[in-house]
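Asker:
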Amino acid sequence: MAVRINDPYLQQLIEDCCAAVTAPDGRFAQGDAIEELSRRLHSTDLTPGQRALLEQHQSHALVSSFADQRNPRRLASGSWYHPQFMLKLGQGERIWMALALRNDVSDWLNLSAKNAAGVLASEGLKQAWGNKRIAAYDSLPGIRYLDELERVHFGYVDTDEDPTTLF
């Protein structure tokens, strides 16, 4: 699970970096945004609180990446076991496979099945939403951008809702 960026200054800094590396067609490479953010962070004075928050985000990303690399996967031998793999147990808890008990394996399987079911359900909704947009694009050849399609065909209107609550 991603750590939310609750500091408005850092959130704006990241958004500015993404905007700075965005091409005129609206595309940008995540790696370019990361490099831009790194460059700006080295030349920006952050408050101690912002620096601590940034370090928390970096630590979270590093530990999550490490742990994700240790997720069980099918090996060439056909086994899913390696003593250095970790099982996700939920609530941010993990256990090294070498020390996993029967209940840990059961909890891991249940969590994995629950997550897979959620992903499949969400994916179905996403595919249906996207297919409606593709069909609308096909029926409205004069519309080029999704923003226009959403406003003209699907009735999207701007709201006064704080966009930071959406992210």
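Numbering (the numbering used here), first residue to last: 5 to 171. Idealized CB from N, CA, C, for every residue including glycine. On a predicted model such as this, the values are computed, not experimentally measured, just so you know.
Buried or exposed: where does Glu-40 fall if 16 or more other Cβ atoms within 10 Å of its Cβ makes it buried?
Answerer: So Glu-40 ends up on the buried side.
Asker: Here's the rule I'm using: 16 or more other beta-carbon atoms within 10 Å means buried, otherwise exposed. How should Leu-105 be labelled?
Answerer: Label assigned to Leu-105: exposed.
Asker: Quick one: what does DSSP say Trp-84 is sitting in, helix, strand or coil?
Answerer: The answer is coil: DSSP assigns Trp-84 none of H, G, I, E or B.
Asker: Mind checking Lys-92: buried by the 16 CB within 10 Å criterion, or exposed?
Answerer: It counts as buried.
Asker: Apply the 10 Å Cβ neighbour rule to Leu-17 and answer buried if 16 or more other Cβ atoms are within range, or exposed otherwise.
Answerer: The residue in question, Leu-17, is buried, as its Cβ has 16 or more Cβ neighbours within 10 Å.
Asker: Taking the alpha helix (DSSP H) that Gly-159 belongs to, which residues open and close that run?
Answerer: No alpha helix (DSSP H) holds Gly-159; DSSP gives it neither H nor E.
Asker: Would a C-beta distance cut-off of 8 Å place Phe-89 and Arg-74 closer than the cut-off?
Answerer: Closer than 8 Å, so yes.
Asker: What do you reckon, are the CB atoms on Cys-21 and Ala-37 nearer than 8 Å?
Answerer: Yes, the Cβ-Cβ distance between Cys-21 and Ala-37 is below 8 Å.
Asker: When you compare the CB positions of Ala-71 and Arg-98, do they come within less than 8 Å of one another, or not?
Answerer: Contact flag set, yes.
Asker: According to DSSP, simplified to helix, strand and coil, what is Arg-31?
Answerer: Residue state, collapsed to three classes: coil.
Asker: Starting from Ile-99 and walking both ways along the beta strand (DSSP E), at which residues does that stretch end?
Answerer: It spans 97-100 - the beta strand (DSSP E) in which Ile-99 sits, taken as one unbroken run.
Asker: Hey, how far is the Cα of Gly-94 from the Cα of Trp-84?
Answerer: Computed Cα separation, rounded: 19 Å.
Asker: How many Å lie between Asn-135 and Ala-102 at the Cα?
Answerer: Going by the C-alpha atoms only, they are around 45 Å apart.
Asker: For Leu-79, name the three-state secondary structure that DSSP assigns.
Answerer: Coil, per DSSP.
Asker: Please report the straight-line C-alpha distance between Ser-81 and Leu-153, rounded to a whole angstrom.
Answerer: Rounded to the nearest angstrom, the two C-alpha atoms are 50 Å apart.
Asker: For a quick check, are the C-beta atoms of Tyr-13 and Gln-54 less than 8 Å apart?
Answerer: Contact: yes.
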